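Taking it in order: structure first as structure tokens, then the write-up.
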């Protein structure tokens, strides 16, 4: 259950047990001599809202964050699928999983029928992190929805690119700092804060402590505690200045974060000063870092955008996007951020159709790469709501705005500025319905 609902604290406490189970599956996987392709089935009742998200993701990837029980016996799976007519909010679902090669699987798969209490089910168990390609969806004559999946391998181009990027991102580390970073990546800001604070208590190396202060600053900026974020950035800067030359490449990301923080605090001139310093350092790197350059250009564009310098802002947004497209996987959330910001700029220029087209690109990436309640979706839905309302498509605007508000309340809280802005916008839209 902890894996399914992503109860991170419980998972951290159970990490030794989870690792042991994974290793046992790995040994069984290595001993599996099945060479021919075969099909596995899994039946379950799925929330209709979750099923609709899968329907919208046809052709994309589906990642499973828990151990996955399946069967070679389709009839067994159909029993677990149940009947859609029992509850309109639930959909009877049958997963049909094509396994072309067990040995080429990106995660361990093991036949565990001999270890199961119900050996007649002919059970196969996948370890955590299985990734499947959603091939197609079809409605069966018995009212069950069938989702055709194919297990990906390390040779799947889209998966390989993203996996390689993430391994590089985390530098092969599996500690509290990496866990905090992962929580931030998936939008769980409170858990990210919790693990970074735990890491800070244990850390003794000044360079690592400075990095943690920088990450804490990012967390508090995202939460909306900008003054608290600035305190951490300043601690990180002071520590780095004590042992590094002023043009060290590691200053680029920190100075960019400080610039964004001052923008959040309303001090645009000071923000630009820090961002230009960051850009100067990043531009002198012997090996340019497209990720940092993309972020800096995007942050500079944001300030120019607020100042009404739309043409210059668009130039920086596009330059930032090009850096990100050249370096990042095509479904990376940072690329979505660029499209989101460009879409909002088009709204400011009253190019509403172009804005919505750009925001749809953003949303497509986010729906394929982020959890369904990630705070970044609040921003995208907010922009789309505004664009639709400008086109007087009020019903669509209200529907999408309501989605944004629901996520904002659950992830950011009632008092967050984005939540309050959405509530005000929805009130105005409701008056037009």
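Numbering (the working numbering), first residue to last: 6 to 438.
Positions of the beta carbon are idealized from the N, C-alpha and C atoms, including for glycine.
Remember, predicted model here, so these are calculated numbers, not experimental data.
Residues bridged to residue i by DSSP?
| i | result |
| --- | --- |
| residue 48 | 99 |
| residue 129 | 75 and 116 |
| residue 136 | 68 |
| residue 154 | 102 and 139 |
| residue 144 | 150 |
| residue 43 | 104 |
Go through its chain and collect everything with a Cβ distance to residue i's Cβ below 8 Å, but skip five positions before and after it.
| i | result |
| --- | --- |
| residue 311 | 268 and 273 |
| residue 371 | 338, 341, 379, 381, 382 and 385 |
| residue 328 | 295, 296, 298, 299 and 302 |
| residue 142 | 59, 60, 63, 150, 151, 152 and 153 |
| residue 250 | none |
| residue 207 | 181 |
| residue 438 | 399, 400 and 403 |
| residue 330 | 340 |
Taking a contact to mean a Cβ-Cβ separation below 8 Å, would you say residue i touches residue j in this structure?
| i | j | result |
| --- | --- | --- |
| residue 217 | residue 205 | yes |
| residue 373 | residue 68 | no |
| residue 451 | residue 59 | Given that the chain is displayed from residue 6 to residue 438, the structure contains no residue 451 and the question cannot be resolved. |
| residue 220 | residue 201 | yes |
| residue 86 | residue 49 | yes |
| residue 188 | residue 211 | no |
| residue 43 | residue 104 | yes |
| residue 352 | residue 388 | yes |
| residue 318 | residue 280 | no |
| residue 116 | residue 46 | no |
| residue 228 | residue 257 | no |
| residue 407 | residue 375 | no |
| residue 94 | residue 53 | yes |
| residue 135 | residue 203 | no |
| residue 198 | residue 214 | no |
| residue 1 | residue 119 | Only positions 6 to 438 of the chain appear in this structure, which leaves residue 1 out of reach. |
Alpha carbon to alpha carbon, how far is residue j from residue i? Give it in angstroms, no decimals.
| i | j | result |
| --- | --- | --- |
| residue 150 | residue 386 | 29 Å |
| residue 341 | residue 180 | 28 Å |
| residue 66 | residue 137 | 6 Å |
| residue 298 | residue 28 | 40 Å |
| residue 129 | residue 416 | 36 Å |
| residue 263 | residue 147 | 58 Å |
| residue 270 | residue 226 | 10 Å |
| residue 77 | residue 366 | 38 Å |
| residue 391 | residue 402 | 7 Å |
| residue 184 | residue 284 | 29 Å |
| residue 97 | residue 84 | 10 Å |
| residue 15 | residue 428 | 34 Å |
| residue 55 | residue 377 | 9 Å |
| residue 18 | residue 361 | 44 Å |
| residue 409 | residue 424 | 8 Å |
| residue 186 | residue 241 | 17 Å |
| residue 400 | residue 419 | 24 Å |
| residue 41 | residue 24 | 29 Å |
| residue 336 | residue 190 | 14 Å |
| residue 316 | residue 288 | 22 Å |
| residue 22 | residue 36 | 22 Å |
| residue 348 | residue 359 | 7 Å |
Taking residue i as the reference, give the member of the options with the closest Cα.
| i | options | result |
| --- | --- | --- |
| residue 238 | 261, 253 and 79 | 261 |
| residue 433 | 394, 420 and 418 | 394 |
| residue 322 | 344, 360 and 313 | 344 |
| residue 421 | 198, 231 and 41 | 231 |
| residue 34 | 112, 73, 15 and 75 | 112 |
| residue 346 | 426, 368 and 436 | 368 |
| residue 314 | 331, 288, 409 and 354 | 354 |
| residue 266 | 234, 293, 359 and 292 | 234 |
| residue 123 | 56, 75 and 409 | 75 |
| residue 292 | 305, 320, 79 and 332 | 332 |
| residue 405 | 364, 190 and 419 | 364 |
| residue 398 | 436, 316, 31 and 425 | 436 |
| residue 145 | 155, 88, 186 and 125 | 88 |
| residue 26 | 80, 414, 131 and 39 | 131 |
| residue 222 | 246, 191, 190 and 259 | 259 |
| residue 92 | 57, 51 and 125 | 51 |
So, for residue i: in the same chain, excluding its five sequence neighbours on each side, which residues have a beta-carbon less than 6 Å away from its beta-carbon?
| i | result |
| --- | --- |
| residue 308 | 268, 273, 276 and 277 |
| residue 396 | 357 |
| residue 326 | 343 |
| residue 305 | 280 and 321 |
| residue 79 | 46 |
So, for residue i: in the same chain, excluding its five sequence neighbours on each side, which residues have a beta-carbon less than 7 Å away from its beta-carbon?
| i | result |
| --- | --- |
| residue 254 | 286 and 290 |
| residue 282 | 260 |
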